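Residue numbers (my numbering): 33 to 246.
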């Protein structure tokens, strides 16, 4: 039985990582786009030679990984440089993630993609079973990010400007998990979704939508 792909997404400070951790504790495989990007830009990472050719050796950290702070500042201030970086990274991230999804034999697999609404979600692939958005109010989102990361308001504003509006994420959702109260409440919703999806997986035989995408 091939896996069904559940896209898990949400804006900065939404609690997406906390939700993903609950799924992982219940034994659900997680394919993490951000983690894949870190691997590609780590020491000896597959994307590093092309990134250094495009942006210069000053983007190289002493350990051989991408100097993320410098790159972050560069792409924040220059959208053309951001597009240039995405052209290098996004095809590699997608290819690696699709290979991992195709290898999963679990009833369903979480595909953790922070910027789904900004990318693939605009043209939803047919191998996606469900899109799940972790959602909260914009005011609470700002409060949590500022408290957790001690981030300057201007920096947060720039990050939010690069992310899709809340309404755009919600428009793509098959299901919404709200994270506007306690961690316990978030966990209850994730556990309920897991039970519901496992029941659906047991009732039907899934297609093999991912295997031909790699």
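Quick reminder that beta carbons are idealized off the backbone N, C-alpha and C, glycines included. The structure presented is a predicted model; accordingly, all values stated were derived computationally and were not measured.
Rounding to the nearest angstrom, what Cα-Cα distance links residue i and residue j in this structure?
i: residue 221; j: residue 201; result: 19 Å
i: residue 146; j: residue 195; result: 9 Å
i: residue 33; j: residue 136; result: Only weak support exists for where residue 33 lies, its pLDDT of 44 falling under 50; the value from the coordinates is given anyway. Cα to Cα, residue 33 sits roughly 9 Å from residue 136.
i: residue 100; j: residue 91; result: 8 Å
i: residue 121; j: residue 66; result: 11 Å
i: residue 186; j: residue 151; result: 24 Å
i: residue 43; j: residue 154; result: 16 Å
i: residue 89; j: residue 74; result: 15 Å
i: residue 197; j: residue 93; result: 33 Å
One question on the structure: do residue i and residue j come within less than 8 Å of each other, judged by their Cβ atoms?
i: residue 160; j: residue 41; result: no
i: residue 72; j: residue 124; result: yes
i: residue 49; j: residue 215; result: no
i: residue 68; j: residue 128; result: yes
i: residue 54; j: residue 223; result: yes
i: residue 226; j: residue 103; result: no
i: residue 218; j: residue 47; result: yes
What residues in its chain sit with their C-beta under 8 Å from that of residue i, if we drop five residues either side in the sequence?
i: residue 52; result: 40, 62, 64, 142 and 144
i: residue 60; result: 138, 140, 141, 142 and 226
So the beta strand (DSSP E) residue i belongs to, where does it begin and stop?
i: residue 40; result: 36-41
i: residue 44; result: Note, residue 44: premise wrong, no beta strand (DSSP E); not H, not E.
i: residue 167; result: 160-167
i: residue 78; result: Neither: residue 78 is in no beta strand (DSSP E) and is coded neither H nor E.
i: residue 219; result: Residue 219 -> not in any beta strand (DSSP E); alpha helix (DSSP H) instead, spanning 215-235.
To which residues of the same chain is residue i closer than 7 Å at the C-beta, ignoring the five residues directly before and after it?
i: residue 212; result: 168, 169 and 172
i: residue 56; result: 62
i: residue 233; result: 36, 139 and 140
i: residue 184; result: none
i: residue 98; result: 73, 80, 83 and 91
Could you name the residues of the same chain whose beta carbon sits closer than 6 Å to that of residue i, not counting the 5 residues immediately before and after it, in chain order?
i: residue 45; result: 173, 176 and 177
i: residue 208; result: 165 and 167
i: residue 206; result: 162 and 163
i: residue 210; result: 167
Kindly indicate the opening and closing residues of the alpha helix (DSSP H) around residue i.
i: residue 68; result: 65-72
i: residue 150; result: Unbroken run through residue 150: none, as it is neither H nor E.
i: residue 191; result: 185-194
i: residue 171; result: 170-181
With contact counted as at least three CB pairs below 8 Å, one residue from each stretch, are the segment 117-124 and the segment 81-89 in contact? yes
Any 3 or more C-beta pairs closer than 8 Å across the segment 154-170 and the segment 100-109: Between the segment 154-170 and the segment 100-109, the count of C-beta pairs closer than 8 Å stays below three; the two stretches do not touch.
Is the segment 63-78 touching the segment 201-211, taking contact as three or more C-beta pairs under 8 Å? No, the segment 63-78 is not in contact with the segment 201-211.
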